[in-house]
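See below for the structure under consideration.
Numbering (full-length UniProt numbering), first residue to last: 1 to 269.
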């Protein structure tokens, strides 16, 4: 699918953007690498929005790979990637990827080939987007509504940073907005609606955790998934525990919660 002249989209979950030899987020499964090579040629240059395995499992062998600054270790090492994603080493994770040789790092405001790098943290600490010809590939800086409905609460490492990134996307006013997981958005009105939907889901998750107190991390994660109607398989519970940590960090910084001597999170209100 051609979004602009020379700007192609390979549909998937995640979606993949191709401009000449440059590929943003090859995605998964590993077999998708053949499609990437067909689209970008035999020596692609891969730009990653972040280190999560579902965005990099299809990196073709021998490709040049560029990681966001601060996330290069988690791109390079599958063990570090799995540990940092789940908060514990999970050898039987659904998505893993392999070890990857990182050729370089990218930072906010830099130009890499035809792309401008745009810092969009929150989902991960170093998450970036890529802007080209009026098209913003935002990765997991926001999600389609079906994904939000399925999982109930976005995976977050920093709540306030995620919300600030939503504001940044709104201010950029891209002509075309591409998410990692969700449909291509071709109108600013629809983009604004989607941004607000993501904001509502995050704010709902924050208030749900506050209302679930007191509790420990696991209890709060399971309780949050019940509250928002998300899947409660073991891996999603582990992933949601990261989101709950981020929410508790926010609430703690606001003076709304504290951790007692028994390891239970409690409300200050």
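Glycine included, C-beta positions come from ideal geometry on N, C-alpha and C. Values in this document were obtained by computation on a predicted structure and should not be read as measured data.
At the C-beta level, residue 258 and residue 266 come within 9 Å of one another.
Put simply, of 211, 97, 38 the residue whose alpha carbon is nearest the alpha carbon of residue 53 is 97. In the displayed model, residue 130 falls within a strand according to three-state DSSP. In the structure shown, the three-state DSSP call for residue 45 is strand. Per the coordinates, the alpha-carbon of residue 147 lies some 13 Å from the alpha-carbon of residue 202. Here residue 91 has 82 as same chain residues with Cβ atoms under 8 Å from its own Cβ, once five neighbours each way along the sequence are excluded. Taking a contact as a CB-CB distance under 8 Å, the pair residue 68 and residue 127 counts as one, their CB atoms being some 7 Å apart. Using a 10 angstroms sphere on the CB of residue 269, the tally of other CB atoms stays under 16, which defines it as exposed. Taking the C-beta atoms as reference points, residue 144 is found no nearer than 9 Å to residue 136. Three or more beta-carbon pairs separated by less than 8 Å are not found between the stretch 190-198 and the stretch 107-122, which leaves the two stretches without contact.
At a cut-off of 4 residues, the continuous stretches assigned as alpha helix (DSSP H) that sit fully inside the stretch 19-71 are 33-40. Per the coordinates, the alpha-carbon of residue 254 lies some 27 Å from the alpha-carbon of residue 194. Note that the C-beta distance between residue 26 and residue 181 is not below 9 Å.
Out of 105, 112, 88, 76, the CA that lies nearest to the CA of residue 99 is found in 76. In the DSSP assignment, residue 4 falls within the unbroken beta strand (DSSP E) covering 2-4.
Fewer than three Cβ pairs drawn from the stretch 229-237 and the stretch 103-112 lie within less than 8 Å of each other, which leaves the two stretches out of contact. Of the candidates 28, 198, 185, 216, the residue whose Cα lies closest to the Cα of residue 167 is 198. In this structure, the CA atom of residue 47 is about 42 Å from the CA atom of residue 214.
If you look at residue 253, you'll find it in the alpha helix (DSSP H) that goes 234-253. Excluding sequence positions up to five before and after residue 2, its CB lies within less than 7 Å of the CB of 8, all in the same chain and listed in chain order.
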